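What follows is one structure encoded as structure tokens, with my remarks underneath.
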Amino acid sequence: LDHWYCIGASTGITATPKRDRLLGHDLTLHRDAGGKVIVTEVGGDGTAFPVRERYDCVWTTLGAPERDVVDIPEGEESDRRKVLCGTVAVNASGLRIIENFLDMAHFPFVHTDILGSEPHTEVLHYTTEIRRDVDEVWATNCQFFQPKAAVSAEGGIMTQYMYRVSTPFV
1 LDHWYCIGAS TGITATPKRD RLLGHDLTLH RDAGGKVIVT EVGGDGTAFP VRERYDCVWT
61 TLGAPERDVV DIPEGEESDR RKVLCGTVAV NASGLRIIEN FLDMAHFPFV HTDILGSEPH
121 TEVLHYTTEI RRDVDEVWAT NCQFFQPKAA VSAEGGIMTQ YMYRVSTPFV
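If you read the sequence shown in my numbering, its first letter stands for residue 1, the second for the next number, and so on.
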């Protein structure tokens with residue numbers, strides 16, 4: 001519970017209360033007259049949970065995190081295009097979802113002709129490290145053949161990846 005969780009796009013929270021669910025807790029979210037996001041538990045005592053707005057998203061916590069919202073330097077770049085794709089419900093644990101992202105070997109078989117294809121099934125050597133300075137696991141120098149890296153692509157390319165895992169839920 002002692003982490004920050006993204007609960008939606010900043011633009012999606014208005015003065016009209018809306019309900020959401022986070023780790024089994026039913027929440028109400030709205031903006032007060034000053035525009036500040038207020039998050040409370042349905043049926044609770046009315047105490048507001050801590051809130052941060054970063055990267056055009058709203059973050060909250062059900063506990064007492066030891067650090068602030070995960071640092072994503074690219075998210076602060078003014079010339080960076082951010083695309084908020086909405087919520088995707090997945091019936092799996094946070095750890096299983098992280099495993100899915102890190103497992104490039106499944107690309108050609110599960111995401112055939114999009115993220116991978118046969119006969120390009122080899123996972124090339126890449127580097128993993130536990131970064132104690134930022135309390136994250138990093139996988140760098142990852143590359144995998146993508147047959148269609150963009151809608152306009154006319155052929156496949158070796159695509160570069162870098163994975164940063166701060167917690168199973170971010």
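Quick reminder that beta carbons are idealized off the backbone N, C-alpha and C, glycines included. All figures in this text were calculated on a predicted structure; none of them were measured in a lab.
- Query: Does DSSP put R164 in a helix, in a strand, or in coil?
  - Reply: strand
- Query: Using CA coordinates, which residue listed in T47, T121, T87 is at the minimum distance from G12?
  - Reply: T87
- Backbone secondary structure at T11 - three-state DSSP: helix
- Message: Taking a contact to mean a Cβ-Cβ separation below 7 Å, would you say L84 touches A9 in this structure?
- Response: yes
- For the stretch 96 to 144, which segments carrying the beta strand (DSSP E) assignment without a break, of at least 3 residues, lie completely within its bounds, in sequence order? 127 to 131
- List the residues that DSSP assigns as beta-bridge partners of E41. L27
- Task: Leaving out five residues on either side along the sequence, give the residues of the same chain with a beta carbon under 7 Å from the beta carbon of Y205.
- Result: Absent from the structure is residue 205, since the part of the chain shown begins at 1 and ends at 170.
- Message: According to DSSP, I157 sits in a beta bridge with which residue or residues?
- Response: Q146
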